[in-house]
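Just so you know, we're using numbering that gives the first Met the number 0 here: the sequence shown kicks off at 0 and counts up by one. Okay, so here's the structure we're looking at.
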Amino acid sequence: MNFLDFYHMPLYRPPSEGDNVIVQATLGCSFNRCTFCSMYKGKSYVERPLAEVCADIDRLAAAFPGARRVFLADGDALALPAGHLLALIDHLRERFPRLARVSSYALPANLLRKSAGELESLRAAGLSLLYYGIETGSPELLRRIVKGATPRGMAAGLEKAAAAGMKVSATVILGLGGRRHWERHVDATLELVNRVPLTYLSTLQLVYCFTPGGVFRAPQGGQGKAQSAGNGEPLARTATQHWPPWGAPFGRAAGRPSAALRSLERDLPFLRERALHLTDQRLAESVARSEAIH
Ligand code: SF4
């Protein structure tokens with residue numbers, strides 16, 4: 000199977016889906032306006048016909064008959080109508096008899112649009128993990144990056160997903176506030192991630208790569224260079240130092256103490272020091288890359 004011919008490129012998936020089967024239920028991103036994201040800027044959004052996707056599933060099942068996990072690409076399979084998704088997941092279950100988990104990215108707006116009943120049906124069918132970009136908890140920064148979401152809307156969508164029994168793996172972006180807004184970014188993001196029901200939380204580091212400053216700079220009021228240099232400021236350090244005592248990077252668990260969490264609490268001083276050390280290393284590399292770009 001030649002994957003370069005099989006898939007509509009470019010193809011993205013979360014790092015944790017690297018060993019899993021990827022099915023392109025949609026192409027591109029149904030929103031495609033976030034200023035920090037260049038993933039699908041050259042790709043139009045398409046909801047692929049069910050028959051076409053099922054034909055892909057048949058070929059993938061022939062190549063990977065024992066697969067247990069499937070990721071639905073591209074940017075937001077959750078934009079598809081619930082009936083379409085349910086039919087697609089049914090076909091996955093038929094073709095992959097050992098299937099244990101289906102996952103996809105979820106945009107805040109599309110998660111909100113699904114009813115509680117639809118989310119429960121999708122969860123029961125097997126869609127049990129959503130990857131979700133919080134990016135920042137600051138309403139002002141969410142507006143500046145054109146995320147198409149507010150903290151209140153994100154909280155409502157995430158609560159619906161949790162009520163349906165879905166796991167959520169969320170990301171926030173270090174460096175998004177730059178030097179000017181970094182405190183607002185860190186404070187509001189910590190407040191939001193401690194309030195909403197997340198299963199996993201990871202951080203991404205803002206880096207200019209494909210379009211050095213071009214797309215991101217304008218909505219930031221022309222402070223692109225400051226934003227980039229801001230990656231070298233203590234944003235990640237501050238966030239790491241403010242981890243709640245039960246260890247937010249491993250998933251939210253406030254009010255749910257367990258043996259595992261007590262163990263995390265015991266280990267956290269070591270984990271925090273290790274994370275700070277790694278963070279300093281990565282920030283130094285990021286500043287060096289940033290200076291090379293500018
Ligand atoms: S919703 Fe996600 S994939 Fe779409 S533009 Fe924003 S960050 Fe990129």
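All C-beta atoms in this analysis are idealised placements derived from N, C-alpha and C, irrespective of residue type, glycine included. The structure presented is a predicted model; accordingly, all values stated were derived computationally and were not measured.
Am I right that residue i and residue j are in contact with their C-beta atoms under 8 Å? What's the rounded C-beta distance?
i	j	result
residue 75	residue 106	5 Å
residue 103	residue 59	About 16 Å separates the two Cβ atoms, so there is no contact after all.
residue 85	residue 29	Actually they do not touch by this definition, with Cβ atoms about 19 Å apart.
When you compare only the Cα positions, how much space is there between residue i and residue j?
i	j	result
residue 217	residue 94	At residue 217 the pLDDT is 41, less than 50, meaning the model places this residue with poor confidence and gives no usable figure here.
residue 6	residue 18	16 Å
residue 252	residue 192	Note that residue 252 scores a pLDDT of 30, beneath 50, so its modelled location is shaky; the value from the coordinates is reported in the next line. Approximately 11 Å between the Cα atoms of the pair.
residue 149	residue 137	8 Å
residue 156	residue 9	28 Å
residue 96	residue 114	28 Å
residue 3	residue 15	21 Å
residue 118	residue 277	38 Å
residue 146	residue 205	15 Å
residue 100	residue 279	36 Å
residue 11	residue 165	22 Å
residue 134	residue 190	13 Å
residue 175	residue 202	11 Å
residue 188	residue 125	30 Å
residue 54	residue 284	44 Å
residue 181	residue 171	13 Å
residue 47	residue 83	10 Å
residue 140	residue 168	21 Å
residue 127	residue 177	35 Å
residue 43	residue 123	31 Å
residue 0	residue 69	17 Å
residue 186	residue 35	20 Å
residue 40	residue 116	33 Å
residue 173	residue 45	31 Å
residue 38	residue 179	26 Å
residue 31	residue 129	18 Å
Among the options, whose alpha-carbon lies nearest the alpha-carbon of residue i?
i	options	result
residue 92	81, 32, 118, 65	65
residue 88	37, 30, 1, 56	56
residue 62	21, 83, 177	21
residue 98	67, 178, 204	67
residue 13	43, 144, 131, 50	131
residue 142	39, 284, 206, 33	33
residue 108	90, 175, 154	154
residue 144	116, 184, 284, 169	184
residue 152	41, 123, 194, 168	194
residue 52	43, 1, 73	73
residue 90	127, 129, 49	49
*Give, in chain order, every unbroken run of the alpha helix (DSSP H) that is at least 4 residues long and sits entirely within the segment 84-131.*
Entirely contained in the segment 84-131, the alpha helix (DSSP H) runs reaching 4 residues are, in chain order, 107-112, 115-124.
*Output the residue ranges of the beta strand (DSSP E) runs that lie fully inside the segment 44-84 and measure 3 residues or longer, sorted by chain position.*
Entirely contained in the segment 44-84, the beta strand (DSSP E) runs reaching 3 residues are, in chain order, 68-72.
*Do the segment 149-162 and the segment 179-198 touch if we need at least three Cβ pairs shorter than 8 Å?*
Taking a cut-off of 8 Å for Cβ pairs, the segment 149-162 and the segment 179-198 touch, as three or more such pairs fall below it.
_At least three beta-carbon pairs within less than 8 Å, the segment 13-27 to the segment 74-89_ = The answer is yes - the segment 74-89 touches the segment 13-27, with three or more Cβ pairs under 8 Å.
*Continuous beta strand (DSSP E) assignments of at least 3 residues falling wholly in the segment 145-212*: Taking only runs of at least 3 residues, the beta strand (DSSP E) segments lying wholly in the segment 145-212 are 166-173, 199-204.
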